[in-house]
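When you line the sequence shown up against my numbering, it's residues 3 to 147, in that order. Just so it is clear, CB atoms sit at the ideal spot from N, CA and C, and this is done for glycine as well. Below is one structure; the comments refer to it alone.
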Amino acid sequence: MKGGESAPDFELKSHTGETVRLSSYFGKKKVVLFFYVKDNTPGCAAEVNGFKNYYHKVSDKYEILGINQDSEDSHMKFCSEYKLPFKLLSDPGKKIASLYDARGTLGMYTKRITYLIGLDGKIERIISGIGASKHIEFIESLASP
Numbered sequence: 003m004k005g006g007e008s009a010p011d012f013e014l015k016s017h018t019g020e021t022v023r024l025s026s027y028f029g030k031k032k033v034v035l036f037f038y039v040k041d042n043t044p045g046c047a048a049e050v051n052g053f054k055n056y057y058h059k060v061s062d063k064y065e066i067l068g069i070n071q072d073s074e075d076s077h078m079k080f081c082s083e084y085k086l087p088f089k090l091l092s093d094p095g096k097k098i099a100s101l102y103d104a105r106g107t108l109g110m111y112t113k114r115i116t117y118l119i120g121l122d123g124k125i126e127r128i129i130s131g132i133g134a135s136k137h138i139e140f141i142e143s144l145a146s147p
């Protein structure tokens, strides 16, 4: 995937059981779509908490959606434990992760990668890297005036 390409549309279930369609946000809000490795791991907890810390500053312009292969139930527990205000989506077959080049090396997990998707449904920015800090810094930059 590259900047300027159309983001592949998808439908996935959220931690609340709601079906979320990516394209439903187009024309309304930009989307921060982040893939992360696994619920309840130290690095992923740091990432989602970093996103949570800036959520109230960006939520009027950006929809934040997290995706990995964990179950809706696992996501519900993870959201509850950290009081996350955004949706976590379950991609058990890693089909969406494959569309977004987010499958891990061995295919067991998703890798950490964040996409900024514009109002027009095109990818504006891609942030990749193993550590959570670059991804959190990106959200922080969206919150800056």
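Using 8 Å for Cβ pairs, my map puts residue 23 next to residue 11. What's the rounded Cβ distance?
With a Cβ gap of about 7 Å, residue 23 and residue 11 count as contacting.
When you compare only the Cα positions, how much space is there between residue 54 and residue 88?
Distance between the alpha carbons of residue 54 and residue 88 is about 8 Å.
Residue 39 by DSSP, collapsed to three states: which one?
coil
Tell me the rounded alpha-carbon separation between residue 16 and residue 92.
One C-alpha to the other measures close to 6 Å.
Quick one: complete beta strand (DSSP E) runs, 3+ long, within the region 5-38?
13-16, 21-23 and 32-37
Taking C-alpha atoms, which residue in 82, 134, 80 and 68 lies nearest to residue 102?
68
Closest to residue 114 by C-alpha separation, out of 75, 137, 126 and 79, would be which residue?
Ranking the options by Cα distance to residue 114, first place goes to 137.
Return the chain-ordered list of same chain residues with a C-beta closer than 6 Å to the C-beta of residue 65, the five sequence neighbours on each side being excluded.
27, 31 and 33
Excluding five sequence neighbours on each side, which residues of the same chain lie with their C-beta closer than 6 Å to the C-beta of residue 72?
41
Applying the 10 Å Cβ sphere with the 16-neighbour rule, what's the burial state of residue 132?
exposed
Confirm, please, whether the CB-CB distance from residue 125 to residue 9 is below 8 Å.
yes
Let me know if residue 116 comes out buried or exposed under the rule of 16 or more other beta-carbons within 10 Å of its beta-carbon.
Residue 116 counts as buried, since no fewer than 16 other beta carbons sit within 10 angstroms of its beta carbon.
Distance check for residue 58 and residue 95, CA to CA, integer angstroms please.
Straight-line measurement puts the Cα of residue 58 at about 32 Å from the Cα of residue 95.
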